[in-house]
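As C-alpha cells, the structure follows; a few thoughts come after it.
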Amino acid sequence: MNGVGSCHAVGRLPGRRESEVGVAFGWHDITTGTRPVSPNGEVPGCHHADDLLPVVPSASVCRECTAAGTGWAGLCICLTCGWVACCERSAGRHAFRHYEETDHPVAARLEPGAQRRWCYVHRRII
Numbered sequence: 101m102n103g104v105g106s107c108h109a110v111g112r113l114p115g116r117r118e119s120e121v122g123v124a125f126g127w128h129d130i131t132t133g134t135r136p137v138s139p140n141g142e143v144p145g146c147h148h149a150d151d152l153l154p155v156v157p158s159a160s161v162c163r164e165c166t167a168a169g170t171g172w173a174g175l176c177i178c179l180t181c182g183w184v185a186c187c188e189r190s191a192g193r194h195a196f197r198h199y200e201e202t203d204h205p206v207a208a209r210l211e212p213g214a215q216r217r218w219c220y221v222h223r224r225i226i
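Going by the working numbering, the first residue of the sequence shown is number 101, and it counts up by one from there.
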C-alpha cells in the first residue's frame, strides 16, 4: 500500500459542515488517552509519532481539489500541523504531496473513530 490508501469518505465529512470540524486528532485517542491497537492486538510503534501533539483539522474538504473543481476518495489529516488533504486513492494525492513539501511524517484518516496512522517515512501503518 502506498500512503494512506484506506480513506473512505467522499467529498465532505458525512453530516458535517466545515465549521463543525473542531475535534482534535493526535497520536493518542483523545477520548481514552490510549494508543490505537493494530489488528493483531499490538500497539504499533514509530518514533515519528512519539512527540505528536493533538491537532485541529484545518478544513473538512481538500482545498486543492475544491479549488480545481475535482472530487476525492477520502480525506487525511497531517498530525503535525492539521492540514487536511485528499488521500492516496484520490487523483490529486494532496496528503502525500503535503508530506513531500513539508516532511511532516504522520497522517491519519479524517473520519470519526479513525484509529490508524500512516508514517510516510517508514511507509507503514502505525
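Cβ atoms here follow ideal geometry from the backbone N, Cα and C, with glycine treated the same way.
It should be emphasised that the depicted structure is a prediction, and the values quoted were computed from it without experimental measurement.
Which of the three DSSP states, helix, strand or coil, is assigned to residue i?
i            : result
cysteine 178 : strand
alanine 167  : helix
alanine 149  : helix
alanine 173  : coil
arginine 197 : helix
Going along the chain, which residues of its own chain have a beta-carbon closer than 6 Å to the beta-carbon of residue i, five neighbours each way excluded?
i          : result
serine 158 : Gly182, Trp183 and Val184
Could you tell me the alpha carbon to alpha carbon distance between residue i and residue j, rounded to whole angstroms?
i             : j             : result
alanine 208   : glutamate 200 : 16 Å
tyrosine 220  : proline 205   : 5 Å
leucine 179   : histidine 198 : 12 Å
valine 156    : arginine 216  : 17 Å
leucine 152   : threonine 166 : 28 Å
aspartate 150 : histidine 222 : 14 Å
glutamate 164 : proline 154   : 24 Å
aspartate 203 : arginine 224  : 16 Å
threonine 170 : cysteine 162  : 9 Å
glycine 213   : histidine 148 : 21 Å
Only counting the same chain, and skipping five residues up and downstream in sequence, which positions put a Cβ closer than 7 Å to that of residue i?
i            : result
cysteine 176 : Val104, Cys107, Ala185, Cys187, Ala195, Ala207, Ala208, Arg209 and Leu210
cysteine 146 : Cys219, His222 and Ile226
Quick one: residues in its chain with C-beta nearer than 8 Å to the C-beta of residue i, no 5 flanking neighbours on either side, listed in chain order?
i           : result
alanine 168 : Gly192
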